[in-house]
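Working notes, structure below.
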Amino acid sequence: MSNAAQTFEGGSARSNQQDGSSTSPARSSRAATLRGLIREPLLHFLVLGGLIFAADAIIHPPVKEEKVITVTKALRQSFIDTFDEDKQRTPSEAELQKMVEAWVASEILYREGKLLGVDRGDEMIRDRVAFKLQYLIFDQVRVPQPSDEQLRAWFADNHARFDEPERVSFFMTPPSDEATARRHLDDIREQRETEELRDQTRAILDRPVPSLAPGFGDGFSKGLLEAPLQQWTLVQSKDGWHVVRLDARTPGATAKFEDIREDAAKIWLTEETRKRAWEAVSRLKANYTIRYEP
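The sequence shown lines up with residues 500 to 793 when you count with the numbering used here.
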């Protein structure tokens, strides 16, 4: 073998020895690290947990809530109550089913529209969503029946809502300036009023006295109640002057707790439910920062 060949083979051998000596420690280090990870309990836990979650997702896929529409008993009852209020009777089963189907169709259209983004910037949809959440909150509130002591204390603070108010029946001409009203008064007393004035004169029957001031003004309420029965006189309202005749006064009556206990309990439950529901809304509000633009 020539010296050149020997030189080449010797160089190759030395090169191979150098390569082997430079890579062997790195490979050994990687292998040691891998063996350490394999023995690590935390890694075993993570892998096992991932396998369990993956298997559960396959066996029990998540329910798509947006595709589930539930017609609750409370919702059906709300349809019945609304129908009864409008028609003065309960709906038939067929009528109730039509209302339910209409609501379901509306719910489907709303959800599909929301997926398409058509609700953005729409105040009507925004109000509907807010109303629905409000309804759900109210539906979840459970208020126990009030004790007799609670109900009596509540009635003492609210008895005016059950008292029968004094009522009045009277006639009144349309509002005008004082001079015109005085001419109308003279004409009525002399029985020479025009047919037009007779047609425009209103008969108001059994009007609760507490409603007079909000409806016509304090001056009108005071003047009417001070007027003699069955006599035409002038009274000023917040709209102008009128010729009025007070025809009848029916005295009021104070309500007795025993007579209205059942009605009082229903109102108490309604108001307590509303109070607790709005407390829940207030707790939600605490999660938000409200900013007001100047």
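Idealized CB from N, CA, C, for every residue including glycine.
One or two residues paired with residue i in a DSSP bridge
i, result
"VAL667", "ARG706 and ARG748"
"SER675", "TRP740"
"ARG701", "MET671"
"LEU728", "LEU745"
Helix, strand or coil at residue i according to DSSP, with G and I counted as helix
i, result
"VAL628", "helix"
"GLN596", "helix"
"THR769", "helix"
"GLN735", "strand"
"TYR787", "coil"
"PRO645", "coil"
"VAL567", "coil"
"THR522", "Confidence is the limiting factor: at THR522 the pLDDT is only 48, short of 50, which leaves the residue's position unreliable, though a coordinate-based value still follows. Helix."
"GLU689", "coil"
"ALA754", "coil"
"VAL562", "Caution is warranted here: a pLDDT of 49 is assigned to VAL562, below 50, making its placement in the model unreliable, and the coordinate value is therefore given only provisionally. DSSP places VAL562 in coil when its eight states are reduced to three."
"PHE581", "The sequence shown places Thr at residue 581, not Phe. It is helical."
"ASP656", "helix"
"VAL780", "helix"
"GLY716", "coil"
"SER587", "Note on residue identity: the sequence assigns Gln, not Ser, to residue 587. Coil, per DSSP."
"PHE661", "coil"
"ASP618", "coil"
"VAL603", "helix"
Residue i classed as buried or exposed, judged by whether at least 16 other C-beta atoms fall within 10 angstroms
i, result
"MET623", "exposed"
"ALA593", "exposed"
"ARG744", "buried"
"SER605", "exposed"
"VAL814", "There is no way to answer for residue 814, as the model of the chain reaches only from 500 to 793."
"ALA680", "buried"
"PHE630", "exposed"
"LEU723", "buried"
"SER736", "buried"
7 Å CB neighbourhood of residue i in its chain, flanking five on each side removed
i, result
"HIS658", "ALA754"
"ALA776", "ILE636, PHE637 and VAL640"
"LEU608", "none"
"ALA779", "ILE636"
"ASP626", "none"
"TYR634", "none"
"PRO727", "none"
Close-in-space but distant-in-sequence residues of the same chain around residue i (CB under 8 Å, 5 per side omitted)
i, result
"ARG651", "PHE756"
"MET598", "PHE578, PHE582 and PRO590"
"ARG773", "PHE637"
"SER520", "The pLDDT assigned to SER520 is 43, lower than 50, so where the model puts this residue is not dependable; a value taken from the coordinates is nonetheless given after this. Closer than 8 Å at Cβ, skipping near neighbours: no residue."
"VAL570", "VAL599, TRP602 and VAL603"
"PRO707", "PRO664, GLU665 and ARG666"
Same chain only: Cβ atoms within 6 Å of residue i, ignoring 5 sequence neighbours per side
i, result
"PHE582", "PRO590"
"MET671", "ARG701, HIS741 and VAL743"
"PHE654", "PHE756 and ALA763"
"GLU692", "ASP686"
"VAL642", "LEU768, GLU771 and THR772"
"LEU711", "SER720"
"GLU689", "none"
"PRO709", "PRO664"
Supposed contact pair residue j and residue i - C-beta distance, whole angstroms, cut 8 Å
i, j, result
"GLY751", "GLU665", "4 Å"
"ILE703", "SER668", "7 Å"
"LEU684", "TRP731", "6 Å"
"PRO674", "GLY739", "3 Å"
"ARG619", "LEU595", "In fact, because the Cβ distance is near 34 Å, the residues do not count as touching under 8 Å."
"ASP698", "THR749", "With 8 Å as the limit, ASP698 and THR749 do not qualify as a contact, their Cβ atoms being about 27 Å apart."
Any C-beta of chain D under 9 Å from that of residue i
i, result
"TYR609", "Annotation note: the requested chain D is absent from the structure, which comprises a single protein chain."
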